[in-house]
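A.B. asks:
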Amino acid sequence: MTGGKNTAVISVLGKDKVGIIAKVSTLLADNKININDISQTILDDIFTMIMLVDLQDHEIENSDITEKLNALGEELGVTITIQHTDLFDKMHRI
Amino acid sequence: MITDFEILETMKMFNEQHLDIRTITMGISLMDCAASSVEESCDKIYNKICRYAGNLVATGEAISRKYGVPIIHKRISVTPISIVAAACGAKDYTPFAKALDRAAKTCGVNFVGGFSAMVQKGYTNSDKVLLDSIPNALAETEFVCSSVNLASTRTGINMDAVRDMGVIIKRTAEATKDNDALGCAKLVVFANAPEDNPFMAGAFLGVGEPECVINVGISGPGVVKHALEEVRGADLGTVAETIKKAAFKITRVGELVAREASERLGVPFGIIDLSLAPTPAVGDSVARLLEEFGLEECGTWGTTAALAMLNDAVKKGGTMASSFVGGLSGAFIPVSEDEGMIAAAKSGGLKLEKLEAMTCVCSVGLDMIAIPGDTTAETISGIIADEMALGTFNNKTTAVRIIPVPGKGVGDSVEFGGLLGMAPIMAVNNASCADFIHRGGRIPAPIHSMRN
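Chains as they are written, first to last, in the numbering used here: chain A, 1 to 94; chain B, 1 to 452.
#1: List, in chain order, every chain A residue whose beta-carbon is nearer than 9 angstroms to that of Arg22 (chain B).
#2: Mind checking which residues open and close the alpha helix (DSSP H) that includes Ala58 (chain B)?
#3: Report yes or no: do three or more beta-carbon pairs, one from the stretch 264-282 of chain B and one from the stretch 30-42 of chain B, lie closer than 8 angstroms?
#4: Can you give me the start and stop residues for the alpha helix (DSSP H) that Met13 (chain B) sits inside?
#5: Does Val257 (chain B) pass the burial test, meaning 16 or more other C-beta atoms within 10 Å, or should it be called exposed?
#6: Helix, strand or coil for Ala357 (chain B) per DSSP?
#7: With a cut-off of 8 angstroms, does the C-beta of Met51 (chain A) fall near any C-beta of chain B?
#8: What whole-angstrom Cβ distance do Ile33 (chain A) and Val53 (chain A) have, given they're in contact under 8 angstroms?
#9: What's the call for Gly19 (chain A), buried or exposed, on a 16-neighbour Cβ count within 10 Å?
#10: Taking the alpha carbon of Gly254 (chain B) as the reference point, which residue from B:Leu8, B:Gly270, B:Ser82, B:Ala201 has its own alpha carbon closest?
#11: Is the closest heavy atom of the ligand MN to the C-beta of Val119 (chain B) under 7 angstroms?
#12: Could you tell me which residues DSSP puts in a beta bridge with Met118 (chain B)?
#13: Going by DSSP, what residue range makes up the alpha helix (DSSP H) through Asn136 (chain B)?
#14: Strictly below 8 angstroms CB to CB, what residues from chain B border Val78 (chain A)?
#15: Quick one: list the residues of chain A neighbouring Glu315 (chain B), beta-carbon separation under 8 angstroms, in chain order.
#16: On a CA-only basis, which of B:Lys245, B:Asp92, B:Asn15 is nearest Ile94 (chain A)? Give me that one, please.
#17: Under the rule that 16 or more other beta-carbon atoms within 10 Å means buried, what is Thr2 (chain A), buried or exposed?
#18: Starting from the beta carbon of Glu255 (chain B), find every residue of chain A whose beta carbon is closer than 8 angstroms, and list them in chain order.
#19: Cβ closer than 9 angstroms: which chain B residues qualify as neighbours of Asp86 (chain A)?
#20: Could you check which residue in B:Asp164, B:Asp20, B:Glu61 has the C-alpha nearest to that of Ile437 (chain B)?
#21: On a Cα-Cα basis, can you pick out the residue from B:Ser152, B:Glu211, B:Met426 that is closest to Met118 (chain B)?
#22: Does any CB atom of chain B fall closer than 8 angstroms to the CB of Val9 (chain A)?
#23: Would you mind telling me which residues of chain A sit closer than 8 angstroms to Lys249 (chain B), beta carbon to beta carbon, in chain order?
#24: I need the DSSP call for Leu276 (chain B), collapsed to helix, strand or coil.
#25: Using a Cβ cut-off of 8 angstroms (strictly closer), state whether Glu6 (chain B) contacts chain A.
#26: Kindly indicate which three-state DSSP category Thr2 (chain A) falls into: helix, strand or coil?
#27: From the DSSP secondary-structure annotation, give me the bridge partner or partners of Thr28 (chain B).
#28: Is the CB-CB distance between Glu387 (chain B) and Val400 (chain B) below 8 angstroms?
#29: Please tell me whether Arg163 (chain B) has its Cβ less than 8 angstroms away from any Cβ of chain A.
#30: In chain order, which continuous runs of the alpha helix (DSSP H) of length 4 or greater are located wholly inside the stretch 341-411 of chain B?
#31: Would a check of beta-carbon distances place Ile2 (chain B) closer than 8 angstroms to chain A?
#32: Of the choices A:Leu76, A:Ile42, A:Gln56, A:Ala71, whose alpha-carbon is the least far from that of Ala29 (chain A)?
#33: Would you report the Cα separation of Cys184 (chain B) and Arg171 (chain B), rounded to the nearest angstrom?
#34: Whole angstroms is fine: what's the gap from Asp92 (chain B)'s alpha carbon to Asp4 (chain B)'s?
#35: In whole angstroms, what separates the C-alpha of Ala86 (chain B) from that of Glu260 (chain B)?
#36: Is Ala62 (chain B) close to chain A? Criterion is C-beta to C-beta, closer than 8 angstroms.
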């Protein structure tokens with residue numbers, strides 16, 4: 001997770017239900033986005049899944065992946081966001 | 001490796017604590033837009049701004065999307081119009097304001113700053129025309145902001161200009177009285193005005209600045225407040241440390257956005273302005289953050305000490321996060337734009353005099369304060385003079401953005417809407433200072449300005 005790589009963090013927050021991981025993974029596979037790492041936990045009663053994905057040639061700002069994830073989030077009743085990993089590196093590492 | 005905890009902390013900052021980038025402001029030099037006719041100069045101004053800032057909004061939105069970071073404003077600051085317009089010999093600069101307004105509209109930005117003059121030592125003929133044009137210019141435009149620098153530590157205070165601005169603020173209030181003197185919310189006077197400030201209403205591009213530059217203003221009182229909630233009861237050393245860490249993270253987001261905007265637009269990166277900027281939204285208030293220090297209500301004893309410490313710790317954390325820090329860089333304490341300040345002013349606990357004291361330890365001065373419409377021009381000049389003295393003699397920036405609302409008095413309130421918020425009309429000490437103001441002349445520069 002170093003700067004310069006085209007990777008992103010996808011986070012899913014909300015109420016746990018069957019099939020969240022499956023559906024998010026399928027959506028990513030359909031869009032040729034590779035999952036590098038995945039973790040999930042229940043934090044303050046909120047289901048939290050964090051995925052580290054390789055965007056390959058995708059540019060978040062120029063693709064409709066944000067809209068697709070938002071739509072899926074709405075369908076599942078959770079909040080899904082995608083953010084370039086440079087943000088986290090900048091904020092949390094000197 | 002970034003941990004899940006860090007990712008979740010970041011998510012919460014954006015989702016629950018109102019972290020955002022307050023503004024990406026593109027500074028554009030209009031030095032080459034001077035011309036002998038008003039029309040030619042205005043055409044040059046319009047064309048140049050549109051050429052440079054045409055992609056500003058789209059670029060801001062793309063960056064926002066890439067990082068999931070809200071970027072609230074995209075704005076433009078320009079060379080003070082009193083300099084640009086000087087060659088045309090006009091007696092009214094309203095057409096220049098209208099040209100800026102048109103350019104702002106075309107570019108899709110929500111403010112353009114720089115209908116400005118620097119008169120800390122005296123007026124040029126053009127400065128006089130500009131000041132005289134302010135009321136009409138602000139009444140006839142939507143997006144234009146105006147600022148006048150009246151004093152500096154190196155030059156002292158131009159008290160003629162302080163006297164004149166009292167009158168101009170009153171005229172501006174009158175010219176925009178149908179909108180509760182909204183024009184005054186877009187007009188600010190300064191001591192030691194920074195030439196790279198990205199925040200409105202005081203943004204302009206100083207003469208030492210490059211052709212075009214990107215300056216970024218951060219925000220984040222909610223993030224700092226949340227961080228302090230985690231250390232309730234701890235000693236003040238711990239509080240300072242906590243603020244520094246939060247400010248570091250906030251500033252790094254600003255740095256990331258500024259660098260990326262600079263690269264995408266092909267424009268050099270100027271500075272990050274480390275100001276905690278509130279909004280009227282609950283949870284985004286500097287007053288509530290100060291109360292988190294252990295104060296029942298913002299404005300009570302201890303408020304100035306808490307603000308001093310907050311401001312200092314934000315700077316210490318922020319300067320670690322970015323090498324180029326500038327602009328105002330101090331906590332903002334606008335009354336109308338801060339939910340906690342509004343509440344404290346309404347309850348009567350936060351008075352004008354306390355706000356003045358608070359401006360000794362933060363950057364922006366008396367900001368977005370509504371006062372009775374029948375306050376005299378001399379009293380407004382007196383308020384300005386005091387604030388200019390604080391800035392000039394303490395080697396810092398101070399400002400006054402005050403709104404005498406026609407037809408309203410103490411007990412009334414005024415609603416500006418959006419980020420400008422709402423303000424209760426605050427009581428003013430009306431004992432006359434007219435004889436002092438009418439003396440005119442200059443207050444000499446303080447002895448400690450002579451450093452050479």
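C-beta: ideal position from N, C-alpha, C; glycine also. What you are looking at is a predicted structure, and each value in this text was computed from that prediction instead of being measured.
C.D. replies: On the basis of the data shown:
#1: Those do not exist, as Arg22 (chain B) stays about 17 angstroms from chain A at its closest Cβ, beyond 9 angstroms.
#2: 56-67
#3: no
#4: 4-15
#5: buried
#6: helix
#7: no
#8: 5 angstroms
#9: exposed
#10: B:Gly270
#11: Among the components modelled here there is no ligand, and therefore nothing to report on the ligand MN.
#12: B:Asn149
#13: 125-139
#14: Neighbours of Val78 (chain A) on chain B: none; closest Cβ ~13 angstroms, over 8 angstroms.
#15: The displayed chain sequence assigns Lys, not Glu, to residue 315 (chain B). Neighbours of Lys315 (chain B) on chain A: none; closest Cβ ~17 angstroms, over 8 angstroms.
#16: B:Lys245
#17: Bear in mind that a pLDDT of 39 at Thr2 (chain A), under 50, signals an unreliable position, so the number given afterwards is only what the model happens to contain. Exposed, because fewer than 16 other Cβ atoms sit within 10 Å of the Cβ of Thr2 (chain A).
#18: Lys90
#19: Lys66, Tyr67, Leu256, Glu260
#20: B:Asp164
#21: B:Ser152
#22: yes
#23: Met91, His92
#24: coil
#25: yes
#26: At Thr2 (chain A), the pLDDT of 39 sits below 50, so the modelled position is not reliable; the number obtained from the coordinates is stated separately. Three-state DSSP puts Thr2 (chain A) in coil, outside helix and strand.
#27: Per the sequence shown, the amino acid found at residue 28 (chain B) is Ile instead of Thr. According to DSSP, Ile28 (chain B) bridges with B:Val78, B:Cys212.
#28: yes
#29: no
#30: 352-358, 377-393
#31: yes
#32: A:Gln56
#33: 9 angstroms
#34: 60 angstroms
#35: 36 angstroms
#36: yes
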